[in-house]
Each structure stands twice: as C-alpha cells, then as structure tokens.
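Data block below; observations after.
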Amino acid sequence: MEGLESDGNVVGAKENFYDMIFEIGWDPANFPAYDLFLCTLAKGSDGIHEALKYFDLLRDRGCYPGIRFFGIVLDECVRFNDIRRAEFFWEIMLGKTKLQPTTTMYNSMISMYCYHGDIDAAMNMLDGMVCKGAFPNSPTYNLLFKFFIKGKKLGEASEMFTEMVSNGCVPDQLNCDAAVRVYLDNGDPVMAIKVWKCLVDNYREDLEGTANLLVVGLRDNDRVLDAV
Numbered sequence: 001m002e003g004l005e006s007d008g009n010v011v012g013a014k015e016n017f018y019d020m021i022f023e024i025g026w027d028p029a030n031f032p033a034y035d036l037f038l039c040t041l042a043k044g045s046d047g048i049h050e051a052l053k054y055f056d057l058l059r060d061r062g063c064y065p066g067i068r069f070f071g072i073v074l075d076e077c078v079r080f081n082d083i084r085r086a087e088f089f090w091e092i093m094l095g096k097t098k099l100q101p102t103t104t105m106y107n108s109m110i111s112m113y114c115y116h117g118d119i120d121a122a123m124n125m126l127d128g129m130v131c132k133g134a135f136p137n138s139p140t141y142n143l144l145f146k147f148f149i150k151g152k153k154l155g156e157a158s159e160m161f162t163e164m165v166s167n168g169c170v171p172d173q174l175n176c177d178a179a180v181r182v183y184l185d186n187g188d189p190v191m192a193i194k195v196w197k198c199l200v201d202n203y204r205e206d207l208e209g210t211a212n213l214l215v216v217g218l219r220d221n222d223r224v225l226d227a228v
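Using the UniProt record's numbering, count along the sequence shown one by one with no gaps and you end on 228.
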C-alpha cells in the first residue's frame with residue numbers, strides 16, 4: 001500500500017483494499033493499512049470527499065485509520081473553517097481510537113475556535129493538550145495572543161504573553177507591534193513596554209515604526225521619562 005500511495009495510484013489502492021478485506025476481513029488492529037489507503041484516496045482527483053466515503057465504510061464496521069488521515073481531515077477543515085466537521089472527527093479520534101493528537105492538530109482546532117470567536121473552547125484545548133502528551137509551542141500561544149489582542153481582551157492577552165515568554169516561546173513580530181499599539185491605546189503603558197522589550201530582544205528589523213508609536217504613546221500616557 002505504501003508504494004501505491006507514493007505513486008498516487010488510487011485505482012490500485014482500491015483493488016488492494018478490497019483484496020485485503022476479502023483475505024483477512026475487517027480488523028480494527030489493521031489501522032495502519034486503513035490509514036495508508038485513505039491517505040492515498042485523499043491525494044486522488046476526488047480528494048478528501050472520496051476518502052470520507054471509505055472512512056464511513058470503515059467506521060460502520062468499527063475500524064478507523066491512523067493519525068495521518070485525521071491530520072489531513074483537520075487541515076481540510078481549517079481550509080474551510082469547518083469547525084463542526086472538525087469536532088466530529090476530533091471526538092471520533094479521542095473517543096473511538098487510541099490515537100494521541102499532535103500539537104499541530106491542537107493548533108488547528110484552536111485556530112478554528114478563535115476564528116469562530118469561541119475562546120472558551122480554544123482555551124479548553126490549550127488546557128487539555130498537555131494531558132494528552134501534546135505541548136503548546138510558539139504557534140499555539142501566538143494564535144491565542146493574536147485573538148486576545150484583536151478582541152482587546154487585554155487581561156487575557158497579558159496572561160497569555162506572560163505564559164508564552166515563561167515557556168520560552170517568542171511572540172510574532174506582527175503580534176508584538178499590534179499589542180504595543182493596543183496597550184497604549186487602552187492606557188496600559190507598562191504592558192506596552194514589556195512587549196516592546198521582548199520585541200527588541202528577539203527582532204532586529206522593522207522596529208522604527210513601533211518605536212515611534214511607543215514614544216508618542218508613552219508621552220500621551222504621562223510616561224515622559226520612559227519615552228526618553
């Protein structure tokens with residue numbers, strides 16, 4: 001089956017699949033083969049839609065693919081911000097299989113929840129991922145930090161920034177630029193300075209605009225000495 005996937009041979013993969021079912025039947029332990037088969041279908045001309053038909057066929061018989069196919073499905077859900085379908089497959093993965101979602105997969109779910117404005121669900125993902133053996137990384141924290149800054153949820157943004165930095169993760173430069181502006185606009189020069197210090201510690205280019213913004217903002221917030 002691996003060779004068929006490499007070649008993108010969908011017809012051969014289907015023939016191989018039916019031969020396998022005829023010879024050994026439906027076996028939940030055979031999930032690596034099911035995973036290869038569905039991943040091969042996903043690369044074909046009908047893409048994920050063809051693969052999902054066979055996923056339903058497998059599911060009806062108590063059989064499921066491996067982690068790679070679930071990753072492909074989540075990527076497809078992210079493309080269309082289809083959180084309901086993503087939740088459907090997520091629940092199957094956690095409830096019907098012994099698979100452990102990766103950090104990348106958690107990030108996909110968090111990004112969709114942020115897109116749909118469901119911060120409680122996004123934070124539940126963050127809080128629960130460590131228990132499943134996945135650990136937040138810079139993309140994880142930046143997704144949430146960006147969401148909080150954009151929504152002007154400054155308390156949550158400050159907590160996320162602190163946790164991010166304490167865990168050795170670096171905020172994106174664009175997130176830092178936006179955060180400095182939002183903190184200044186909302187009368188929190190202390191956090192604006194903290195983010196600025198993080199910015200200059202980690203980036204060397206395109207700092208002038210934010211530096212000028214910070215100076216003006218500190219003066220407007222009666223922090224002239226900090227602006228000098």
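All residues carry an ideal CB built from backbone N, CA and C; glycine is no exception.
In its own chain, which residues sit with a C-beta less than 8 Å from the C-beta of residue i, not counting the 5 before and 5 after it?
{"i": "residue 125", "result": "106, 109, 110, 113"}
{"i": "residue 11", "result": "none"}
{"i": "residue 31", "result": "63, 64, 65, 66, 97"}
{"i": "residue 238", "result": "Any question about residue 238 goes unanswered here, given that the chain covers just 1 to 228."}
{"i": "residue 81", "result": "112, 115, 116"}
{"i": "residue 214", "result": "180, 184, 192, 193, 196, 227"}
Check for me: the alpha helix (DSSP H) holding residue i runs from which residue to which?
{"i": "residue 71", "result": "67–80"}
{"i": "residue 189", "result": "189–202"}
{"i": "residue 56", "result": "47–60"}
{"i": "residue 221", "result": "It is not in any alpha helix (DSSP H) - residue 221 carries neither H nor E in the DSSP assignment."}
{"i": "residue 14", "result": "10–24"}
{"i": "residue 156", "result": "154–166"}
{"i": "residue 180", "result": "173–185"}
{"i": "residue 39", "result": "31–42"}
Starting from the C-beta of residue i, find all residues in its chain whose C-beta is less than 7 Å away, skip the five residues before and the five after it, and write them out in chain order.
{"i": "residue 62", "result": "28"}
{"i": "residue 50", "result": "41, 44"}
{"i": "residue 93", "result": "70, 99, 101"}
{"i": "residue 138", "result": "169, 170"}
{"i": "residue 222", "result": "none"}
{"i": "residue 90", "result": "109"}
Buried or exposed: where does residue i fall if 16 or more other Cβ atoms within 10 Å of its Cβ makes it buried?
{"i": "residue 37", "result": "buried"}
{"i": "residue 167", "result": "exposed"}
{"i": "residue 225", "result": "The pLDDT assigned to residue 225 is 47, lower than 50, so where the model puts this residue is not dependable, and the model offers no usable value."}
{"i": "residue 83", "result": "buried"}
{"i": "residue 211", "result": "exposed"}
{"i": "residue 142", "result": "buried"}
{"i": "residue 188", "result": "buried"}
{"i": "residue 88", "result": "exposed"}
{"i": "residue 24", "result": "exposed"}
{"i": "residue 162", "result": "exposed"}
{"i": "residue 52", "result": "buried"}
{"i": "residue 190", "result": "exposed"}
{"i": "residue 58", "result": "buried"}
Leaving out the 5 sequence neighbours to the left and right, which residues in its chain are closer than 6 Å to residue i when beta-carbon positions are compared?
{"i": "residue 208", "result": "none"}
{"i": "residue 176", "result": "195, 199"}
{"i": "residue 184", "result": "192, 217"}
{"i": "residue 144", "result": "160"}
{"i": "residue 85", "result": "77"}
{"i": "residue 68", "result": "35, 39"}
{"i": "residue 178", "result": "149"}
Does the beta-carbon of residue i, which I'm using as the reference point, lie nearer than 6 Å to any heavy atom of the ligand NAP?
{"i": "residue 172", "result": "Among the components modelled here there is no ligand, and therefore nothing to report on the ligand NAP."}
Would you call the stretch 44–52 in contact with the stretch 20–31, where contact means no fewer than 3 C-beta pairs closer than 8 Å?
no
Could you give the uninterrupted runs of the alpha helix (DSSP H) lying entirely in the stretch 66–150, keeping only those of 4 residues or more?
67–80, 83–96, 103–115, 119–129, 138–150
Check whether the stretch 145–161 and the stretch 128–136 are in contact - that is, three or more C-beta pairs closer than 8 Å.
no
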